[in-house]
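Chains A and B, in that order, give the protein sequences. Anchor point for the first sequence: position 125 equals 125 in the working numbering, and the numbering is continuous, going up by one each time. Adding 344 to a residue's 1-based position in the second sequence gives its number in the working numbering. C-beta atoms are modelled at their ideal positions from N, C-alpha and C, and glycine is treated no differently.
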Amino acid sequence: MMDLLTVDFMQRALVAALLVGTVAPMVGIFLVQRRLSLIGDGMGHVALAGVAIGLVTGAAPVLTALVAALVAAVVIELLRTRGRTNGDVALAVIFYGGIAGGVVIISKSPDGTPANLMKYLFGSILTTQRTDLYVFAGLALLVAVTTWALRPRLFAVANDEEYARAVGIPVLPLNIVLAVLTATTVVVAMRVVGLLLISALMIVPNAASQLVARSFSSGLRWAIAFGLVSSVGGVALSYPLNTPSGGTIVLLAVGLFVVTAVVTGVMARVGGRRHDVAETHEHEHGLDCGHPAVPHGDHVDYVHDGHLHAAHEGHYDEHGVHHHDDGAHAGISSTTTPTTGTRP
Amino acid sequence: MPVEPDVADAVVWLRGAGFGYGDRPVLTDVDLTIRSGEIVAIVGPNGSGKSTLMKGVLGLNERVAGTVTLFGVDSSEFHDRARLGYVPQRHTLSASVRATAEEIVATGRLARIGWLGRLRATDRQIVAKSLDVVGLADRAATEVSTLSGGQQRRVLIARALAGEPDVLIMDEPTAGVDAANQHVLADVLARLVERDVTMVIVTHELGALERLLTRIVVVDGGRIRFDGTPEEYATARDHVHHDHDSHHHDLELDAHPSLAHGPLDVTHPERSRP
Chain A
1 MMDLLTVDFM QRALVAALLV GTVAPMVGIF LVQRRLSLIG DGMGHVALAG
51 VAIGLVTGAA PVLTALVAAL VAAVVIELLR TRGRTNGDVA LAVIFYGGIA
101 GGVVIISKSP DGTPANLMKY LFGSILTTQR TDLYVFAGLA LLVAVTTWAL
151 RPRLFAVAND EEYARAVGIP VLPLNIVLAV LTATTVVVAM RVVGLLLISA
201 LMIVPNAASQ LVARSFSSGL RWAIAFGLVS SVGGVALSYP LNTPSGGTIV
251 LLAVGLFVVT AVVTGVMARV GGRRHDVAET HEHEHGLDCG HPAVPHGDHV
301 DYVHDGHLHA AHEGHYDEHG VHHHDDGAHA GISSTTTPTT GTRP
Chain B
345 MPVEPDVADA VVWLRGAGFG YGDRPVLTDV DLTIRSGEIV AIVGPNGSGK
395 STLMKGVLGL NERVAGTVTL FGVDSSEFHD RARLGYVPQR HTLSASVRAT
445 AEEIVATGRL ARIGWLGRLR ATDRQIVAKS LDVVGLADRA ATEVSTLSGG
495 QQRRVLIARA LAGEPDVLIM DEPTAGVDAA NQHVLADVLA RLVERDVTMV
545 IVTHELGALE RLLTRIVVVD GGRIRFDGTP EEYATARDHV HHDHDSHHHD
595 LELDAHPSLA HGPLDVTHPE RSRP
């Protein structure tokens, strides 16, 4: 491992992996939330056309790819808002037009070798130049800071667009910002995982994180953790295994997802057996339900016919029999009634 | 716009208003004034235009005719939309990614803070208080998709309350909620009534909410058919034939010009609770 870190290009590769592994899942969680998991894939297709134009005209492919992806991002978002009919068909036209155009234009360029095409489609981090790395780092930082600053609003819009509009949150500008962040992430990750696999690094870590998370903020943290393990681990493994970095990273992410799914599935099964759900409840415990509240560790139980009921998700758990002195218990018995109780 | 004396202090003021999507007005000729402190139910069968009316007030569809004034300001110039607390009808909350009740309710606070503002301690307190008012203080950290339908509805009410609105506009708050939870919901709304919250409740059935109302507006066939107190409504209801199911009927407007059918036939023998 030490000797791996001393190799110059490997250092660059690992730095790039750190950047991409952090940024891609951060943006991706909002795409998952908006059910647009495949949009990054489409933007990758269009970015290929940008790369091709750069190779033909002699401009920097990173720059032309960024411009192409940004234009596509804004057009896609406007189409989604305006186009009532066949919005996704319009997207398909843009995406496939992009990748077909890219392939054809690259074939006309002096560097238009299949190897060069593969480099962009599937990533080739080991050929990343130092100047490219600075550009990637700057863009990644920009994406991370913007996403973090706008996180509550992006969450609100993705969660309930109609509500956001009704209370005056600027929905369309925020959606365009998210599309621009996605496009930028695609370009940043293009040399690491490749344009055809970039969407995987945005989505798969989130798929895994949703299996373990219990809130949006923990979901985001888990996704970044899974993303970092996949990207850095994938780059590190690709060197001794002599495999392409992009494919290795994505396979590692998919592997993490499968392992997480199995582990959480087994744990849910074991936990489910230990979990004692109270009888069907006609009312909800609260301040004025008539059932005495008893502090129990970190929560409050309600005494219901001598049983302790604790709120859990949409139901009540049995937290055992209520042990109390007789006087108090008699008092409870006289005020509580069976579950079909006093409330209509 | 002719300024009438009652415009300025009305929460919602509509004159000759028409709403719809594109060029097709779904609702026409609406005259409606809602004042602070009123608890108004807008009732009507499915497809009557009551949701269109509500969305028109919220600025979610196009106004095709007339005047809409919110808090004395013409709706096209009204930007302080956080004053309208919208409680939409949602059957599921955030099924695509996990989120806690508190995280959802906190989004209701965003309209009150600037573009890049963060939630401060006072905002967090308001969020906690909103959850408390709807009786979900103990579920703040619970993942919303695991809550029952009625509880999710109350999360949405708390989200609207977190914006400290001057009026709550609710779309079918009781639809799809079982009887026990309808009463919990009615209790929550009663608590809000005690706090002098102005409410506009769009519903196709009055049910457990009827006892709270100060006014009932009936919308049918794209027009307002009745507007009066619950007592007047009850009297009017007694004068019409009970020969229609309240839902899923075609809009037959010719025979009975006003109080023909539909929501007026909704009777709730169990509505007075012990």
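7 Å is my cut-off, CB to CB: does Ala455 (chain B) come that close to chain A?
yes
Looking at Met128 (chain A): is its Cβ nearer than 7 Å to the Cβ of Ala24 (chain A)?
The amino acid at residue 128 (chain A) is misidentified as Met; the sequence shows Thr. Cβ distance not < 7 Å, so Thr128 (chain A) and Ala24 (chain A) don't count as in contact.
Measuring straight from C-alpha to C-alpha, what distance separates Val89 (chain A) and Gly168 (chain A)?
Roughly 30 Å separates the two Cα atoms.
According to DSSP, is Asp353 (chain B) part of a helix, a strand, or is it coil?
coil
For Asn175 (chain A), count neighbouring C-beta atoms within 10 Å of its own C-beta (all shown protein chains included) and say buried if the count is 16 or more, exposed if not.
For Asn175 (chain A), the number of other beta carbons within 10 angstroms of its own is at least 16, and it is reported as buried.
Within its chain, find whatever has a CB closer than 7 Å to the CB of Glu161 (chain A); leave out the 5 residues flanking it on each side and keep chain order.
Val171
Asp160 (chain A) touches chain B at which residues, Cβ-Cβ below 9 Å?
Pro432, Arg434, Leu437, Ser438, Ile448, Thr451, Leu500, Arg503
Backbone CA spacing between Phe363 (chain B) and Ser231 (chain A) [nearest angstrom]
52 Å
Name the chain A residues whose beta carbon is nearer than 8 Å to that of Gly507 (chain B)?
Val167
Who are the near neighbours of Val56 (chain A) in its chain, counting only those whose CB is closer than 7 Å to its CB and skipping five residues on each side?
Excluding residues within five positions, the ones whose Cβ falls inside 7 Å are Ile105, Lys108, Ser109.
Take Glu596 (chain B) and list the residues in its own chain whose beta-carbon comes closer than 6 Å to its own, dropping the five residues that flank it on each side.
Note that Glu596 (chain B) scores 38 on pLDDT, short of 50, meaning its location in the model is unreliable; the coordinates nonetheless yield the value given after this. Correct list: empty, nothing qualifies.
For Ala409 (chain B), report the span of its beta strand (DSSP E) as first-last.
Here the beta strand (DSSP E) through Ala409 (chain B) covers 406 to 414.
Alpha helix (DSSP H) segment containing Phe155 (chain A), residue limits:
Looking at the DSSP string, the run of the alpha helix (DSSP H) that includes Phe155 (chain A) is 130 to 159.
Counting along the chain, where does the alpha helix (DSSP H) carrying Val46 (chain A) start and finish?
From DSSP, the alpha helix (DSSP H) with Val46 (chain A) extends over 39 to 57.
With a threshold of 7 Å between beta carbons, is Gln11 (chain A) in contact with chain B?
Not a single C-beta of chain B is nearer than 7 Å to the C-beta of Gln11 (chain A).
Short-range partners of chain B found in the stretch 22 to 56 of chain A, where Cβ spacing is below 8 Å
Ile29, Val32, Gln33, Arg34, Arg35
Ignoring anything shorter than 4 residues, give me the alpha helix (DSSP H) runs that lie fully in the stretch 406 to 493 of chain B, in order along the chain.
Taking 4 residues as the shortest admissible run, the stretch 406 to 493 of chain B contains the following complete alpha helix (DSSP H) segments, listed from N- to C-terminal end: 445 to 451, 465 to 477.
Taking C-beta pairs closer than 7 Å, name the residues in chain A that Val441 (chain B) reaches, listed in chain order.
Neighbourhood of Val441 (chain B) in chain A, by CB distance below 7 Å: Ile29, Val32, Gln33, Gln210, Phe216, Gly219, in chain order.
On a CA-only basis, which of A:Phe9, A:Asp8, A:Val62, A:Leu141 is nearest Gly194 (chain A)? Give me that one, please.
A:Val62
How would you list, in chain order, the residues of chain D whose beta-carbon sits under 8 Å from the beta-carbon of Leu376 (chain B)?
The displayed structure is made up of protein chains A and B, and chain D is not among them.
Distance, Cα to Cα, Thr22 (chain A) vs Ala100 (chain A)?
30 Å
Less than 7 Å separating the beta-carbons of Gly494 (chain B) and Leu533 (chain B)?
no
Taking Pro432 (chain B) as the reference, give the member of B:Asp424, B:Leu404, B:Gly393, B:Gly461 with the closest Cα.
B:Leu404
How would you write the range of the beta strand (DSSP E) that Arg379 (chain B) sits in, first residue to last?
368 to 379
Keeping to the same chain, check which residues put their C-beta closer than 6 Å to that of Ala502 (chain B); ignore five residues upstream and five downstream.
The beta carbon of Ala502 (chain B) sits closer than 6 Å to those of Val449, Ser474, Leu475, Val478, all from its chain and outside the five residues before and after it, given in chain order.
Which ranges would you report for the beta strand (DSSP E) in the stretch 169 to 219 of chain A if only whole runs of at least 3 residues count?
none
Start-to-end residues for the alpha helix (DSSP H) that takes in Val67 (chain A)
61 to 82
DSSP three-state call for Gly21 (chain A): helix, strand or coil?
helix
Can you list, in chain order, the residues of its chain whose CB lies under 7 Å from that of Leu178 (chain A), leaving out five sequence neighbours each side?
Phe30, Leu154
Check the C-beta distance from Gly40 (chain A) over to Phe122 (chain A) and give it rounded, since I have them as a contact under 8 Å.
With a Cβ gap of about 15 Å, Gly40 (chain A) and Phe122 (chain A) do not count as contacting.
C-alpha gap between Leu371 (chain B) and Arg407 (chain B), whole angstroms:
10 Å
What is the DSSP secondary structure of Thr260 (chain A), counted as helix, strand or coil?
The answer is helix: DSSP assigns Thr260 (chain A) an H, G or I state.
Once DSSP output is grouped into helix, strand and coil, what is the label at Leu358 (chain B)?
strand
For Arg569 (chain B), which option in B:Asp467, B:Asp373, B:Ala485, B:Arg483 has the closest C-alpha, if you only look at C-alpha atoms?
B:Asp373
Check for me: the alpha helix (DSSP H) holding Val401 (chain B) runs from which residue to which?
394 to 402
Taking Leu404 (chain B) as the query, report the chain A residues whose CB atoms sit under 8 Å from its CB, ordered along the chain.
Taking a Cβ-Cβ cut-off of 8 Å, the neighbours of Leu404 (chain B) in chain A comprise Glu162, Arg165, Ala166, given in sequence order.
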